[in-house]
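To start, the structure under review is shown below, and the notes come after it.
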Amino acid sequence: MRTACSGRSISCGRLMLARPNAGAVRPSASATEPLFSFGVIADVQYADIPDGRSFLGVPRYYRHSIAVLRRAVRSWNAHGGVRFCVNFGDIVDGFCPRDRSLAAVRAVVREFDGFRGGPAYHMLGNHCLYNLPRSELVSELRMPSPAGRAYYDFSPWPGYRFVVLDAYDFSAVGRARGDPVAAAARRFLEARNPNRDKNSPSGLEGAARRFVMFNGGVGGAQLRWLDGVLRGAAGEGRGVQPPAGAPGRGVAHGAHVELRGGGSRGAAARGVRRGVPRRARPQGRVRRGRPRRAPPHAGGRARVPAGHRRLRPRRGLPRPSPARRRRQNGQHGDAAQLIIQ
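Quick note on the working numbering: the sequence shown kicks off at 1089 and runs consecutively.
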């Protein structure tokens, strides 16, 4: 996989691409001609609240983020060949007031409805789950999954299958305190995070810093479902190449991904399946920095560690104007152009 960008990968959800071997799909006339393209965007984090700043002083333009999404959709439409788009989660910001969260989600979905190329596929992020119940989000985001699940698969092209995983399937986020999954997740954290505030990684080292409440994992039922999808891919001679997208940071316009014929074979599905853990494990961000307060409805006085670095201008250079900072702000509308061969 080649990417035309650099930056951190997102972790609100997981997207896998089941790809056939070279003979399973007839390649295009030219190996450089894409079979199909799709758009990706992450962290819209819209909220109808005044502009603010993070604890590091980074500007946050909550209302402006929907304009960034609008530009992304226009970019995909202008491209002309984008068949679908994928939103990697955090559709609303955690500081959006609860009584306005549903309206905020619907406002963002209306912007995605302006995409003319095809369907929009969504994932859940922790900010989404701070604001609305999981079942309501699955319905509002029109996830093509049965029984209210937030994980699913789809095939936009013969021989290609995308698998969307729910990275908050096993988590205390977005579930009532009495929910058995939430209770199990809290016990899991109690055994691995000694802090009173389970959103804090203080004292944890290395990979153990992921054992915080704002992260999550994949549950057993979802793993069994994924195993069936991968077995089916293996039986059809397909390979699996995760992930299919790694959006960069600080790009305020739409992006698209091009899948090209004639590429090399991906890792065997059964090889990937051997690497799938047999028990739920929290995955996602290992963040550093001082903690900031979580939204009040995210759990009382819980604090969430920093998610963004402050980008300081070089000495001697003028600070960008507010209008330019709006265009370049990296919180809203993370996107990148990717090429997969």
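Glycine included, each C-beta is placed from N, C-alpha and C at the ideal position.
Cα-Cα separation between residue 1254 and residue 1308, rounded to whole angstroms: 12 Å
Meets three-Cβ-pair contact criterion under 8 Å: the segment 1271-1288 and the segment 1202-1220: no
State buried or exposed for residue 1257, treating a residue as buried only when at least 16 other CB atoms are found within 10 Å of its CB. buried
Extract the residue ranges of the alpha helix (DSSP H) inside the segment 1268-1329, only unbroken runs of 4 or more that lie entirely within it. 1268-1280 and 1308-1323
Thinking C-alpha only, which one of 1302, 1304 and 1126 is nearest residue 1170? 1126
Decide if residue 1267 is buried, meaning its Cβ has at least 16 other Cβ atoms within 10 Å, or exposed. exposed
Rounded to the nearest angstrom, what separates residue 1217 and residue 1322 at their Cα positions? 34 Å
Taking Cβ to Cβ, would you say residue 1181 is nearer than 8 Å to residue 1134? yes
Per DSSP, what kind of secondary structure is residue 1130 in: helix, strand or coil? strand
Going by DSSP, which residues form a beta bridge with residue 1239? Residue 1239 pairs with nothing; no bridge assigned.
At which residue ranges does the segment 1152-1206 contain complete beta strand (DSSP E) runs of 3 or more residues, listed in the order of the chain? 1170-1175
Using the rule of at least 16 other Cβ atoms within 10 Å of the residue's Cβ for burial, across every protein chain shown, is residue 1151 buried or exposed? exposed
Cutoff 6 Å; reference residue 1175; Cβ partners in own chain excluding five residues on either side: 1129 and 1210
State the CB to CB distance for the pair residue 1206 and residue 1183, rounded to an integer number of angstroms; the pair is presumed to be in contact (CB under 8 Å). About 32 Å separates the two Cβ atoms, so there is no contact after all.
For residue 1312 and residue 1157, what's the separation of their Cα atoms in angstroms? 35 Å
Could you tell me the distance, in whole angstroms, from the CA atom of residue 1064 to the CA atom of residue 1295? Residue 1064 falls outside the range modelled here, since the chain spans only 1089 to 1429, and no answer is possible.
Tell me whether residue 1488 sits in a helix, a strand or coil according to DSSP, three-state version. Absent from the structure is residue 1488, since the part of the chain shown begins at 1089 and ends at 1429.
Please classify residue 1178 as buried or exposed, where buried requires at least 16 neighbouring CB atoms within 10 angstroms. buried
Buried or exposed: residue 1235, going by 16 or more other Cβ atoms within 10 Å of its Cβ? exposed
Comparing C-alpha positions only, which one of 1261, 1250, 1259 and 1194 sits nearest to residue 1029? There is no way to answer for residue 1029, as the model of the chain reaches only from 1089 to 1429.
Spatial neighbours of residue 1299 within its chain, please: C-beta separation below 7 Å, excluding the five flanking residues on both sides. 1277, 1280, 1281, 1292 and 1370
Name, in chain order, the residues that DSSP records as bridge partners for residue 1248. 1245
Between the CA atoms of residue 1162 and residue 1202 - distance to the nearest angstrom: 8 Å
For residue 1223, which residues from the same chain have a beta carbon less than 6 Å from its beta carbon, with the 5 sequence-adjacent residues on both sides left out? 1236
Could you please give me the residues that DSSP links to residue 1232 through a beta bridge? According to DSSP, which records beta bridges pairwise, residue 1232 is partnered with nothing at all.
Grouping DSSP H, G and I as helix and E and B as strand, with all else coil, what is residue 1220? coil
So residue 1301 and residue 1261 are in contact, right, with Cβ under 8 Å, and what is the actual spacing, rounded? 7 Å
Report back the beta-carbon spacing between residue 1241 and residue 1251 to the nearest angstrom; my notes put them in contact at under 8 Å. 5 Å
Determine, using beta carbons only, whether residue 1320 and residue 1259 come nearer to each other than 8 Å. no
Alpha carbon to alpha carbon, how far is residue 1199 from residue 1131? 14 Å
Can you tell me the Cβ-Cβ gap for residue 1220 and residue 1189, rounded? I've got them flagged as a contact below 8 Å. 5 Å
Take residue 1160 as the anchor and find which of 1192, 1186 and 1196 has the nearest alpha-carbon. 1196
Own chain, CB closer than 6 Å to residue 1140, minus 5 neighbours either side, in chain order: 1148
Starting from residue 1208, trace the beta strand (DSSP E) in both directions and tell me its first and last residue. 1208-1210
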